[in-house]
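Report on one structure; see the data block that follows.
2 protein chains.
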Amino acid sequence: MSTLSIDIRRQTLVKYLSESPVTAADKTFYQLRKDIVEGEIQSGSKLSETELSTRYIVSRAVVREAINRLEACHLVERKANVGARVVSLTPEGLVQLYQVRESLEGMAARLAAVNMTDSEIAELKSLLSDHFKEVQQGQSYYQEAGDVDFHYRIIVGSKNEHLISMLVNGIYHLVRMYRVQLGMAGPRVSTAFEEHKHIVQAIANRDGELAEMLMRRHILYSKNNIEKKLQSF
Amino acid sequence: MSTLSIDIRRQTLVKYLSESPVTAADKTFYQLRKDIVEGEIQSGSKLSETELSTRYIVSRAVVREAINRLEACHLVERKANVGARVVSLTPEGLVQLYQVRESLEGMAARLAAVNMTDSEIAELKSLLSDHFKEVQQGQSYYQEAGDVDFHYRIIVGSKNEHLISMLVNGIYHLVRMYRVQLGMAGPRVSTAFEEHKHIVQAIANRDGELAEMLMRRHILYSKNNIEKKLQSF
DNA sequence: AATGCAGATATTGTCGACAATTTCTGGATG
DNA sequence: CATCCAGAAATTGTCGACAATATCTGCATT
């Protein structure tokens with residue numbers, strides 16, 4: 009039953025996540041992105057075109073295209089005639105990332121309060137209660153997925169294509185990279201749940217201003233929490 | 009003397025605008041972007057790789073890379089096995105663009121209030137007074153440049169790499185495309201100047217919260233103004 | 001006349017080879 | 001021993017050719 013609801017979520021989001029590689033460059037891009045985000049390829053390491061082309065069994069041209077796309081979502085940095093490196097994770101980088109998140113997702117919440125349909129809001133509510141049950145049962149595995157899903161819903165609910173694109177196929181992969189590689193599955197779940205509830209309430213009341221404020225606070229708290237964990241390294 | 013100050017501005021910003029093409033793909037990218045933003049290549053039209061490669065006298069691979077980069081900054085849309093089209097300008101697109109600007113530049117102003125050095129703030133102030141003189145003399149040609157320069161300074165002053173990158177080599181070219189193609193050189197200059205003054209004041213007082221609010225208002229007004237002009241078509 | 005299918009045409013995707021640039025290596029020089 | 005320079009090696013940038021896919025054209029069918 010809870011797996012069912014998860015499947016439904018997947019379905020509605022799939023068009024924006026759009027993991028449907030049609031071309032070889034697509035596949036290589038997705039694979040490379042996965043390997044970078046999950047730490048298979050070490051952060052800060054060099055990406056050799058020839059090496060990757062033998063590794064993934066494609067031509068250098070498709071590797072180049074994949075790397076270009078990775079650069080566009082800030083997962084690698086490239087210098088002309090020198091090559092590409094996976095970005096290195098730093099405390100400052102994390103702070104700056106969360107500042108952008110705060111700004112963009114705050115606006116997303118504001119717009120979602122205006123642009124989400126009633127049924128979308130209803131879905132968001134049920135998602136939240138599902139999530140609540142899971143947390144009560146102590147299913148820590150789905151906690152992060154639930155959190156990400158919540159945020160995705162609101163982002164998509166903003167109906168702003170730029171916002172959606174920047175967050176979903178831009179920033180969020182970097183956020184996940186930090187999460188995965190700093191080894192934090194689902195931070196401060198119980199407290200975050202209350203915050204989610206209040207945000208949904210504001211959206212349901214069509215109060216964009218409040219929704220934005222609450223979302224910004226929520227992300228700010230997240231940042232502070234992660235920063236704390238980061239200092240223990 | 010006023011041309012001198014403009015040169016100085018150029019110099020300090022050049023590292024972020026970084027118009028220094030080292031590779032053929034760079035040149036092609038910059039050229040194509042220019043042609044698209046300024047309407048040389050019509051919005052909504054198809055970008056044929058073979059045609060462009062003969063036009064700019066480079067190989068198709070170079071053109072492909074350039075187009076990929078254009079896609080990354082939302083100036084063209086691409087479909088697999090079909091091709092790329094220049095984005096078409098719509099009222100909704102403009103609104104969404106300004107919503108993102110409001111969000112990101114608001115945050116930029118907030119951060120600038122904390123992160124700009126005293127000398128950077130002093131430069132900003134002198135920039136503003138130069139701009140004021142030019143406006144008084146009725147030099148409408150530099151009005152838009154002055155406006156753009158003002159916003160760039162604050163964005164760069166935020167010291168947030170993500171923010172800077174997203175705005176400077178992402179959104180701003182689209183903004184300029186709308187401005188150029190809707191034929192509005194420098195809208196509502198005199199009133200905007202007052203707003204600029206208040207923003208600088210807030211930054212000088214290190215009041216990030218106020219700076220953000222004022223910047224958001226400023227951009228909101230801009231949007232409303234442009235929307236009005238857009239309806240007369 | 002409208003629709004659907006099949007071949008022809010054009011466009012994009014992929015590849016391997018060559019050119020240009022950077023980086024490494026080793027020896028000469030102070 | 002450190003530094004600098006030149007040639008070698010390796011890497012990225014660019015190119016033209018071929019493969020795969022989509023689009024167009026014209027004919028047959030209803």
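Order-wise, the sequence lines are chains A and B.
My numbering applies: residue 9 is where the first sequence begins, and numbers increase by one.
My numbering applies: residue 9 is where the second sequence begins, and numbers increase by one.
C-beta atoms are modelled at their ideal positions from N, C-alpha and C, and glycine is treated no differently.
Bear in mind that the values here come from a model prediction, so they are computed numbers and not experimental data.
1. Using a Cβ-Cβ distance cut-off of 8 Å, determine whether residue 23 (chain B) contacts chain A.
2. Return the first residue and the last residue of the beta strand (DSSP E) that residue 87 (chain B) is part of.
3. Is there at least one Cβ from chain A nearer than 8 Å to residue 119 (chain B)'s Cβ?
4. Between residue 5 (chain B) and chain A, is any beta-carbon pair separated by less than 8 Å?
5. If the cut is a Cβ gap below 8 Å, which residues of chain B does residue 189 (chain A) touch?
6. Spell out whether any CB of chain B is found under 8 Å from the CB atom of residue 226 (chain A).
7. Decide if residue 88 (chain A) is buried, meaning its Cβ has at least 16 other Cβ atoms within 10 Å, or exposed.
8. What residue range does the beta strand (DSSP E) around residue 93 (chain B) cover?
9. Taking contact to mean 3 or more Cβ pairs, one atom from each stretch, closer than 8 Å, check whether the stretch 115-124 of chain A and the stretch 202-218 of chain A are in contact.
10. Excluding five sequence neighbours on each side, which residues of the same chain lie with their C-beta closer than 7 Å to the C-beta of residue 208 (chain A)?
11. Could you work out which residue in A:166, A:230 and A:224 is closest to residue 115 (chain B) when comparing CA atoms only?
12. Fully enclosed by the stretch 169-230 of chain A, which alpha helix (DSSP H) runs are 4 residues long or longer?
13. Output needed for residue 141 (chain A): all residues of its chain with C-beta closer than 6 Å, excluding positions within five of it in sequence on either side, in chain order.
14. Would you kindly work out how many angstroms separate the C-alpha atoms of residue 247 (chain A) and residue 78 (chain A), rounded to a whole number?
15. Between the Cα of residue 112 (chain A) and those of B:174, B:230, B:49 and B:238, spot the shortest distance and give me the residue it belongs to.
16. When you compare the CB of residue 135 (chain B) with every CB in chain A, is at least one pair closer than 8 Å?
17. Leaving out five residues on either side along the sequence, give the residues of the same chain with a beta carbon under 7 Å from the beta carbon of residue 110 (chain A).
18. For the 8 Å Cβ check, are there 3 or more pairs between the stretch 68-84 of chain A and the stretch 170-185 of chain A?
19. Output needed in chain order: residues of the stretch 67-78 of chain B with a Cβ under 8 Å from some Cβ in chain A.
20. Per DSSP, which residues does residue 55 (chain B) bridge with? Please list them.
21. Between the Cα of residue 91 (chain A) and those of A:103, A:72 and A:233, spot the shortest distance and give me the residue it belongs to.
22. Helix, strand or coil, according to DSSP, for residue 166 (chain B) in the structure here?
23. Identify the continuous alpha helix (DSSP H) that holds residue 112 (chain A) and give its terminal residues.
24. When we look at the beta-carbon of residue 166 (chain A) and count the other beta-carbons within 10 Å, is it buried (16 or more) or exposed?
25. Cα-Cα, which of B:31, B:144, B:200 and B:35 is closest to residue 155 (chain B)?
26. Considering Cα atoms alone, identify which of B:37, B:65, B:94 and B:231 is closest to residue 53 (chain B).
27. Quick one: residues in its chain with C-beta nearer than 8 Å to the C-beta of residue 219 (chain A), no 5 flanking neighbours on either side, listed in chain order?
28. Can a CB atom of chain B be found closer than 8 Å to the CB of residue 165 (chain A)?
29. Expressed to the nearest angstrom, what Euclidean distance is found between the alpha-carbon atoms of residue 38 (chain B) and residue 30 (chain B)?
30. Apart from the five residues on each side of it in sequence, which residues of its chain come closer than 7 Å, Cβ to Cβ, to residue 129 (chain B)?
31. Give the secondary structure of residue 50 (chain B) by DSSP, where H, G and I count as helix, E and B as strand, and everything else as coil.
32. Check the Cβ-Cβ distances between residue 230 (chain A) and every residue of chain B, and say whether any is below 8 Å.
33. May I have the straight-line CA-CA distance separating residue 138 (chain A) from residue 86 (chain B), to the nearest angstrom?
34. Considering only the beta carbon of each residue, do residue 222 (chain B) and residue 203 (chain B) sit closer than 8 Å?
35. Pull up the distance between the alpha-carbon of residue 230 (chain B) and that of residue 169 (chain B), whole angstroms please.
36. Under DSSP, the alpha helix (DSSP H) around residue 31 (chain B) begins and ends at which residues?
Working from what's here:
1. For the purposes of this step, residue 23 (chain B) is taken as the residue at position 15 of the second sequence. Because residue 23 (chain B) carries a pLDDT of 48, less than 50, the predicted location of this residue cannot be relied on, and the following value inherits that uncertainty. For residue 23 (chain B), the answer is no, since every Cβ of chain A falls outside 8 Å of its Cβ.
2. By one-based count along the second sequence, residue 87 (chain B) stands at place 79. Residue 87 (chain B) -> beta strand (DSSP E) spans 84-87.
3. Position 111 of the second sequence, counting from 1, holds the residue named residue 119 (chain B). By this cut-off, residue 119 (chain B) is an interface position.
4. Absent from the model: residue 5 (chain B). The displayed extent of chain B is 9 to 241, so no value can be given.
5. Stepping through the first sequence from its first residue, residue 189 (chain A) is reached at position 181. What residue 189 (chain A) touches in chain B: nothing, since even the nearest Cβ is about 18 Å away.
6. In the first sequence, the residue the question calls residue 226 (chain A) occupies position 218. Any Cβ of chain B closer than 8 Å to the Cβ of residue 226 (chain A) would place that residue at the interface, and such an atom is absent.
7. Here residue 88 (chain A) refers to the residue found at position 80 when the first sequence is read from its first residue. Label assigned to residue 88 (chain A): exposed.
8. Stepping through the second sequence from its first residue, residue 93 (chain B) is reached at position 85. 91-94 is the span of the beta strand (DSSP E), which, as asked, contains residue 93 (chain B).
9. The stretch 115-124 of chain A vs the stretch 202-218 of chain A: in contact.
10. Translated into the one-based positions of the first sequence, residue 208 (chain A) becomes position 200. Answer for residue 208 (chain A): 132, 133 and 136, listed in chain order.
11. Counting from 1 along the second sequence, the entry for residue 115 (chain B) is found at position 107. Measuring from the Cα of residue 115 (chain B), the nearest candidate turns out to be A:224.
12. List check, alpha helix (DSSP H) in window: 169-174, 180-189 and 197-212.
13. Position 133 of the first sequence, counting from 1, holds the residue named residue 141 (chain A). Cβ within range, chain order: n/a, list empty.
14. As shown, chain A starts at 9 and ends at 241. That puts residue 247 (chain A) outside it, with no answer to give.
15. For the purposes of this step, residue 112 (chain A) is identified with residue 104 of the first sequence, where counting begins at 1. Checked all of B:174, B:230, B:49 and B:238; the closest Cα to residue 112 (chain A) is B:174.
16. Working through the second sequence from its first residue, we reach residue 135 (chain B) at position 127. Answer no: the Cβ-Cβ gap between residue 135 (chain B) and chain A never drops below 8 Å.
17. Here the question's residue 110 (chain A) lines up with position 102 in the first sequence. The answer, listed in chain order, is 224, 227 and 228.
18. Look at the beta carbons and you see the stretch 68-84 of chain A touching the stretch 170-185 of chain A: at least three pairs across the two are nearer than 8 Å.
19. The stretch 67-78 of chain B vs chain A, Cβ under 8 Å: 69, 72, 73, 76 and 77.
20. Against the second sequence, residue 55 (chain B) aligns to sequence position 47. Within the DSSP bridge table, the entry for residue 55 (chain B) names B:92 as partners.
21. Against the first sequence, residue 91 (chain A) aligns to sequence position 83. Taking only the C-alpha atoms, the option nearest residue 91 (chain A) is A:72.
22. On the second sequence, residue 166 (chain B) is found 158 positions in, with the first residue counted as 1. In the structure shown, residue 166 (chain B) sits in coil (DSSP, three-state: anything other than H, G, I, E or B).
23. As a position in the first sequence, residue 112 (chain A) is number 104, starting the count at 1. For residue 112 (chain A), the enclosing alpha helix (DSSP H) starts and ends at 99-123.
24. Along the first sequence, one-based indexing puts residue 166 (chain A) at 158. Of the residues assessed, residue 166 (chain A) falls on the buried side of the cut-off, its CB having 16 or more other CB atoms within 10 angstroms.
25. Here residue 155 (chain B) refers to the residue found at position 147 of the second sequence. Put simply, of B:31, B:144, B:200 and B:35 the residue whose alpha carbon is nearest the alpha carbon of residue 155 (chain B) is B:200.
26. Here residue 53 (chain B) is taken as the residue at index 45 of the second sequence, counted from 1. Closest option to residue 53 (chain B), Cα to Cα, is B:94.
27. Position 211 of the first sequence holds residue 219 (chain A). Only 117, 118, 120, 121, 207, 210 and 211 meet the Cβ criterion.
28. For the purposes of this step, residue 165 (chain A) is identified with residue 157 of the first sequence, where counting begins at 1. With respect to chain B, the C-beta atom of residue 165 (chain A) has no partner C-beta closer than 8 Å.
29. For the purposes of this step, residue 38 (chain B) is taken as the residue at position 30 of the second sequence. For the purposes of this step, residue 30 (chain B) is taken as the residue at position 22 of the second sequence. Cα to Cα, the separation comes out at about 11 Å.
30. Counted from its first residue, the second sequence places residue 129 (chain B) at position 121. Hits under 7 Å: 211 and 212.
31. What you label residue 50 (chain B) is simply residue 42 of the second sequence in a count that begins at 1. Note: residue 50 (chain B) maps to coil in three-state DSSP.
32. Looking up residue 230 (chain A) in the first sequence gives position 222. With respect to chain B, the C-beta atom of residue 230 (chain A) has no partner C-beta closer than 8 Å.
33. Residue numbering aside, residue 138 (chain A) sits at position 130 when the first sequence is read from its first letter. Residue numbering aside, residue 86 (chain B) sits at position 78 when the second sequence is read from its first letter. Straight-line spacing of the CA atoms in residue 138 (chain A) and residue 86 (chain B) works out to 38 Å.
34. Residue numbering aside, residue 222 (chain B) sits at position 214 when the second sequence is read from its first letter. Residue numbering aside, residue 203 (chain B) sits at position 195 when the second sequence is read from its first letter. Annotated as proximal: residue 222 (chain B) and residue 203 (chain B), with beta-carbon spacing under 8 Å.
35. Working through the second sequence from its first residue, we reach residue 230 (chain B) at position 222. Working through the second sequence from its first residue, we reach residue 169 (chain B) at position 161. Residue 230 (chain B) and residue 169 (chain B) have their C-alpha atoms roughly 25 Å apart.
36. Residue mapping note: residue 31 (chain B) aligns to position 23 of the second sequence, counting from 1. Element bounds for residue 31 (chain B): n/a, residue is neither H nor E.
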